[in-house]
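In this note's numbering, the protein residues as written are 614 to 699.
Cβ coordinates follow ideal geometry from the N, Cα and C atoms, glycine included.
Presented below is the structure to which this report refers.
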Amino acid sequence: MRRSLTPLLICVGCLVPTAATGKTWVAGKDASTIQACVDRAETGDVVEVPSGIWRERVTVAKSIALKGRGGILDGGGEGTVLRIRA
Numbered sequence: 614m615r616r617s618l619t620p621l622l623i624c625v626g627c628l629v630p631t632a633a634t635g636k637t638w639v640a641g642k643d644a645s646t647i648q649a650c651v652d653r654a655e656t657g658d659v660v661e662v663p664s665g666i667w668r669e670r671v672t673v674a675k676s677i678a679l680k681g682r683g684g685i686l687d688g689g690g691e692g693t694v695l696r697i698r699a
């Protein structure tokens with residue numbers, strides 16, 4: 614009697630973990646500020662900060678990644694510039 618391997622391969626394929634890929638939010642493109650991108654991002658997402666001077670203060674309170682591309686975060690001398698609470 615000949616059996617098909619298809620059901621077995623489907624079961625094994627379901628057990629293999631897949632890498633969760635989050636969305637990438639680009640400041641200045643997807644939202645006007647870094648903070649707006651952070652606010653829209655969900656767990657596992659990436660917020661990309663392009664080059665330039667970003668005059669704002671940012672608070673991150675979720676599990677996301679910040680990726681710099683030569684950007685400068687300038688808080689204007691008004692306290693903490695980047696606060697991470699995740």
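- The three-state secondary structure of residue 685, taken from DSSP, is strand.
- Annotation: residue 668 is outside any beta strand (DSSP E) and is labelled neither H nor E by DSSP.
- Between residue 662 and residue 647 a beta carbon distance of about 6 Å is seen, short of the 8 Å cut, so the two are scored as contacting.
- For the pair residue 670 and residue 657, the Cα-to-Cα distance works out to about 22 Å.
- Excluding the 5 residues flanking it on each side, residue 654 has same chain C-beta neighbours closer than 6 Å at 638, 660, 677, in chain order.
- Taking all protein chains in view, the Cβ of residue 640 is crowded by 16 or more other Cβ atoms within 10 Å, so the residue is classified as buried.
- Distances from the CA of residue 650 to each of 679, 668, 688 were compared; the closest alpha carbon is that of 679.
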